[in-house]
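This report concerns only the one structure given below.
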Amino acid sequence: MGKVTDDNRDFEGNTINRLTDDSFSNVGFYLQDEWTATPLLSVIAGGRVDKSSELDDAIFSPRLAVAYEATPNLKLRASVATGFRAPEVFDEDLHVDILGGEQVRIRNDADLKEEKSITGMAGLEWRNDPVKPTWGFDITASLTDIDDTFLLGPNQTDPVTGDLYQVRSNASGSKVQGVEANWVYQPQKEFRFELGASYYRSRYDEAEDIFDDTEEGGTTIISTRDYLITPKWSGVGQVVWTPIDEVNVFLGAKYIGGMDALNNRLGELRHTSDFWVVDFGFTRHFELRGRHHLDVSLGVKNIFDERQKDLEVGADRDNDYVYGPRFARSFFVTAKYSF
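Have a look at this one:
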């Protein structure tokens with residue numbers, strides 16, 4: 001049993017009374033139909049109508065997907081989908097950032113418009129045997145075009161209260177485009193190999209200001225077109241060994257490419273290093289009486305302790321300056337009982 005008491009105080013012990021009292025609603029209607037044009041071709045068409053309390057008019061978001069079995073080994077697919085995000089209060093607004101021991105609030109621009117997007121995707125899937133494949137791969141390319149992208153601007157100081165805040169406004173727009181591929185190989189029942197890699201480029205249409213201290217007497221303005229804390233390259237790989245049905249051994253690796261991260265305290269835009277996160281695990285299955293089962297697992301996550309080396313601590317830290325793997329090296333033992 002645990003107990004948490006939050007007096008809502010700052011690092012000097014002063015009581016902070018900052019409450020967000022807001023409400024919004026959204027009513028939506030969704031309709032979808034799947035049409036099998038031929039045994040080899042299927043089409044899914046649908047649409048959604050939403051009426052948000054934050055918008056004057058309802059928004060219609062159509063979508064269309066097509067799947068085609070070109071050969072017994074090869075499947076092709078493509079889709080187009082639209083979406084939106086209303087200018088409401090979001091969950092992340094309630095997770096207040098801290099900079100120099102002060103809360104950084106988020107305010108919506110008075111003229112904030114909804115964010116709209118359209119996404120196109122095309123891909124293929126190949127298996128060497130449609131019934132009992134031993135290897136296969138898939139590849140998918142996508143492009144998302146976002147109008148009026150939401151953007152958090154530089155930190156500002158309220159001239160009346162002295163509070164720190166950021167304004168969420170509409171950027172010029174942005175695009176997220178990339179490709180991802182996966183490969184699976186299972187030469188025999190006991191071994192399974194998987195590899196995956198992806199490259200995504202996420203950029204604003206125009207350079208946006210993300211840091212500006214000139215109002216406080218500074219001289220630094222930082223602008224960028226790239227999304228922050230968003231790696232371009234990432235990848236995964238794993239090997240699963242099952243010598244017998246009751247034993248499973250797992251070795252996995254995750255690659256996280258370098259990314260841009262803003263340190264508001266120092267006023268610096270840094271490009272981070274790459275990370276290789278390796279996990280190892282072992283599971284033993286026990287079949288008990290009747291339909292009772294017990295799985296016991298042990299292992300280690302992030303074996304080489306790959307993580308952010310310049311994570312800031314203390315009252316003056318920038319708690320938004322966080323990137324890379326979430327957890328340090330950790331050992332685990334678990335037991336799962338089912339019946």
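Just so you know, we're using UniProt numbering here: the sequence shown kicks off at 1 and counts up by one.
Idealized CB from N, CA, C, for every residue including glycine.
Check, Outcome
"As assigned by DSSP and simplified to three states, the class of Lys3", "Residue confidence for Lys3 is low, a pLDDT of 48 falling below 50, so the modelled location carries little weight and cannot support an answer."
"Same chain, Cβ closer than 6 Å to Ala141, five either side skipped, listed in chain order", "Ala122, Val179"
"For Pro325, the three-state DSSP class (helix, strand or coil)", "coil"
"Residues that Thr119 bridges to, as DSSP identifies them", "Ala81, Thr144"
"C-alpha gap between Ser202 and Ser174, whole angstroms", "7 Å"
"Through-space distance from Glu268 to Tyr321, alpha-carbon basis", "11 Å"
"Pairwise C-alpha distance: Arg225 and Glu208", "6 Å"
"Which of helix, strand or coil DSSP assigns to Glu246", "coil"
"Stretch-stretch touch, CB-based, cutoff 8 Å, three pairs: the region 323–332 with the region 288–304", "yes"
"Rounded separation between residue 345 and Tyr323 - CA only", "Residue 345 is absent from the model: the chain starts at 1 and stops at 339."
"First and last residue of the uninterrupted beta strand (DSSP E) at Lys309", "Run containing Lys309: none; DSSP gives neither H nor E here."
"Inter-residue CB distance, Glu312 and Arg265 (contact presumed, cutoff 8 Å)", "7 Å"
"Neighbourhood of Phe60 by C-beta distance below 7 Å, restricted to the same chain and skipping five residues each side", "Gly47, Val49"
"Contacting residues, own chain, Cβ-Cβ under 6 Å from Gly83 (five flanking each side not counted)", "Ser61, Ser117"
"Beta-carbon proximity check, Gly257 vs Val239, cutoff 9 Å", "no"
"Leu152, buried or exposed, once every other Cβ within 10 Å from all chains shown has been counted against 16", "buried"
"Distance CB(Gln103)-CB(Asp163) smaller than 9 Å", "yes"
"One or two residues paired with Phe137 in a DSSP bridge", "Trp126, Trp183"
"Secondary structure of Thr149, DSSP reduced to three states", "coil"
"Spatial neighbours of Leu41 in its chain, beta-carbon cut-off 7 Å, leaving aside the 5 residues before and after", "Tyr68"
"7 Å Cβ shell around Arg127 - same chain, five flanking residues per side excluded", "Asn73, Pro133, Gly136"
"Buried or exposed (CB count within 10 angstroms, at least 16 for buried), Leu31", "exposed"
"Glu216 - DSSP class collapsed to helix/strand/coil", "helix"
"Presumed contact (8 Å Cβ cut-off) between Glu54 and Arg85, rounded CB distance", "Not quite, the Cβ-Cβ distance comes to about 10 Å (not below 8 Å), so this is no contact."
"Residue closest to Lys113, alpha-carbon to alpha-carbon, out of Ser297, Asp56, Thr272", "Asp56"
"Proximity below 9 Å, CB of Lys254 to CB of Trp233", "no"
"Distance between Lys189 and His292 (C-alpha atoms, nearest Å)", "25 Å"
"Tyr204 beta carbon less than 9 Å from that of Ser172", "yes"
"Alpha carbon of Gly290 to alpha carbon of Asp245, nearest angstrom", "18 Å"
"Cutoff 6 Å; reference Arg77; Cβ partners in own chain excluding five residues on either side", "Ala67, Gly123"
"Simplified DSSP assignment, three categories, for Lys75", "strand"
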